[in-house]
Structure formats: structure tokens, C-alpha cells
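Okay, so the sequence shown: first residue is 6 according to this note's numbering, each after it adds one. Cβ atoms here follow ideal geometry from the backbone N, Cα and C, with glycine treated the same way. Model, not experiment: these values are computed from the prediction. This report concerns only the one structure given below.
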Amino acid sequence: MAEPDAGRLRRVAVLVLDGAKPLDVGIPAQVFTTRPSMPFEVRVCGPAPGLVTGGDGLSYHVAHGLDALAWADIVFIPGYRRPDQEDPPAAVVAALVAAHARGARLAAISTGAFALAATGLLDGRRATTHWHYTRALATRYPQIRVDENVLFVDEGSVLTSAGAASGIDLCLHVLRGELGVAAANHAARRLVAAPYRSGGQAQYVPRSVPEPLGERFAATREWVLHHLADPLTLDDLARHAAVSPRTFSRQFVADTGYTPLQWVMRARVDAARELLELSQRSVEQVASDVGLGTGANLRLHFQRILGTSPSEYRRTFARGE
6 MAEPDAGRLR
16 RVAVLVLDGA
26 KPLDVGIPAQ
36 VFTTRPSMPF
46 EVRVCGPAPG
56 LVTGGDGLSY
66 HVAHGLDALA
76 WADIVFIPGY
86 RRPDQEDPPA
96 AVVAALVAAH
106 ARGARLAAIS
116 TGAFALAATG
126 LLDGRRATTH
136 WHYTRALATR
146 YPQIRVDENV
156 LFVDEGSVLT
166 SAGAASGIDL
176 CLHVLRGELG
186 VAAANHAARR
196 LVAAPYRSGG
206 QAQYVPRSVP
216 EPLGERFAAT
226 REWVLHHLAD
236 PLTLDDLARH
246 AAVSPRTFSR
256 QFVADTGYTP
266 LQWVMRARVD
276 AARELLELSQ
286 RSVEQVASDV
296 GLGTGANLRL
306 HFQRILGTSP
316 SEYRRTFARG
326 E
């Protein structure tokens, strides 16, 4: 971010695009709200002053147009509906590029990453977005290194975050860099939010195993899900599919993007997630139930795949009594 003049408020613009999601808009507006303890001035803007049709049945009446981007030190781009189908207006893209060129930081929340990607400023950089759209972002903008397992990515002058609530993580991260840890912790308490969250967005994805791109071995995958507690080998899976291990492995990767044993491991982690959410079984018992043997083995693969521990996951997602 360009250094603000001494004594003046830091300038924050929140850019509302058609289909903007209410939570995404509200988070930066509230985190950086103008108050004596917060040296920020916030302007909510749109492609033009006036009414902007939002998502979820809400609309926004914004007082500022794209001139706010020429004024701001940091520009937040909230997520919006149908990001993979509609390009942002050319004037919006140009204004974002111009703001960045003069030193403003650009921070996208959730699917706002698509508008930021349209500027070309994410090319060659890491970025993230809501887990539901990571594949679409990577396909549409192959120059971007899309990381689907994090809550946010800070590339200095451009920042991106995952789904809506991770906008809080991103805003607190920005605030921490601007004013220090104490200010960020104070804001987190005001929001009744965690100053830091462990893990990444992988733990919020419904399943670790991907939706298959082919159905040739659907019956074998279904069979695996009913035999996770058994010691499964590549030969076992190929025998069930009635093909050679080499053919099975090659086609399985083409169908799912994972080797057979990688897929089995992710299926075991998914089964463990369900047991942690719905039962009171210990971590050791859960590990045995899903074929991972020991609690240490479960913790290892849970951390690798989901970026968190089984105990932390249970605290986050287990149903209350």
C-alpha cells in the first residue's frame, strides 16, 4: 500500500459489483469502520453512484462511483454471483488497474477474485477463491497459481481470500499489518471472531475426494467406500474392477485426478470427518474404523489433506448435544 500522508486517515474503498454478496460487502465495511480507535475512512462504491443490484435479494445504494478507487489506499472487491459467467465491466477493470499502478492494494473476497483476475494482476501469482469456484478460476485464468487449501493469500499488492467468512481472516490480516497485533485482536473481539484460524478452507469442503470426471470404475469406488477399514492395495482395487493394475491406475488418474491409493486415503479422511462430526468415538477409535490404524497416522493425513488436526476439526464441526 502506498504510504498515506502523516496524520490523515487511511482510505478504504469497498467496490460493489452486480450480484454482490451481502456478507462480503459488510465485512470490510465493518472491520475498517470509521471510529476513534480505527484510523480509516471507508467509502462504499460501485461502477457508478446509485443503485447496484446485489445477490440474495438485496440491493445497494452507493454514494460513490469508480472515482473512489483513485482515492483509496486499499480496495476491497467483495464476491458476487455468477463470477465464472460474466466479466466485470471494462471500466471497472481499468479503474482497478489504475488504482494498483498508483500504489493501492487490491484485496478480493471470495469470488471477487474473478474481477481481480480479469485485470491480469494475478497472473504468475498465487491466489485463492471460494472452494466451489477454484477449478473455474484455474480454468479461466491458467496463468494464476490457484491454491484451494488456504483461507487467504497475500501477494503484497494483491490479496485474495476464500469463501465469505474468510474475508474476516483477510481483513484482520490487513489490519494486523497496518496497526499491529493488538489492534487486530481488538477488532476480532469486537466482531466476536478468532484473531487467527487454524487450517485452511480444505476443511470446509464437503468432501476431500473430487467429483469423478469418468464413471468407468464407479462400482469399484463405491465398493471401496464400504471397505475402508480393510487393508486395501492397488491389486485389490484392480481385481475388483477386473483389469490389470497398470490399466486401472492409468484410467483412475484420468477419471479422478488422483492415484487409486491417494483417492483411498482421501476417502478414509472423509469417513473420519463424518465420525468426528457425528460420534463421540476417540481419535484412536476413528483411525481404526476408517483403516488408518493409529491416531498418529490419522493426525498426519488429516493435517496434510485438511490443514488441521482431528481434535480441532471436531471442535469446529461436531454437532452439539
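Between the stretch 249-267 and the stretch 290-298, the count of C-beta pairs closer than 8 Å stays below three; the two stretches do not touch.
If only uninterrupted beta strand (DSSP E) runs of at least 3 residues are considered, those enclosed by the stretch 163-190 are 163-166. With a minimum length of 4 residues, the unbroken runs of alpha helix (DSSP H) contained wholly in the stretch 244-324 fall at 250-261, 265-283, 288-294, 300-311 and 315-322. If you draw a straight line from the Cα of residue 180 to the Cα of residue 283, it is about 37 Å long. Minimum Cα-Cα distance from residue 87 among the listed residues 258, 78, 119 and 151 corresponds to 119. Collapsing the DSSP output to three states places residue 20 in a strand. Burial state of residue 68 is exposed, judged by a 10 Å Cβ sphere holding fewer than 16 other Cβ atoms. Taking a contact to require three or more Cβ pairs closer than 8 Å, the stretch 58-65 and the stretch 14-34 qualify as touching. Burial is judged here by how many other beta carbons sit within 10 angstroms of a residue's own beta carbon; residue 315 has at least 16 and is buried. Between residue 177 and residue 193, the beta carbon gap of about 6 Å places them in contact (Cβ cut-off 8 Å). DSSP, reduced to helix, strand and coil, places residue 150 within a strand of the structure shown.
The three-state reading of DSSP puts residue 31 in helix, counting H, G and I together. In this structure residue 117 is buried. Its beta-carbon is surrounded by 16 or more other beta-carbon atoms within 10 angstroms.
With respect to residue 65, residue 21 sits close: the two C-beta atoms are nearer than 8 Å. Contact annotation, residue 311 with residue 274: C-beta distance approximately 7 Å; criterion of less than 8 Å satisfied. Of the residues assessed, residue 231 falls on the exposed side of the cut-off, its CB having fewer than 16 other CB atoms within 10 angstroms.
Residue 298 is classed as exposed because its beta carbon has fewer than 16 other beta carbons within 10 Å across all chains shown. Scanning 96, 186 and 15 for the CA closest to the CA of residue 77 turns up 15. In the three-state reduction of the DSSP assignment, residue 49 falls in the strand class, which pools E and B. Residue pairing from DSSP places residue 113 in a beta bridge opposite 82 and 165. Residue 233 is positioned such that its CB atom lies no closer than 8 Å to that of residue 151. Per DSSP, the continuous alpha helix (DSSP H) segment holding residue 102 begins and ends at 95-106.
CA-CA distance, residue 106 to residue 146, rounds to 21 Å.
DSSP, read as helix, strand or coil, puts residue 197 in coil.
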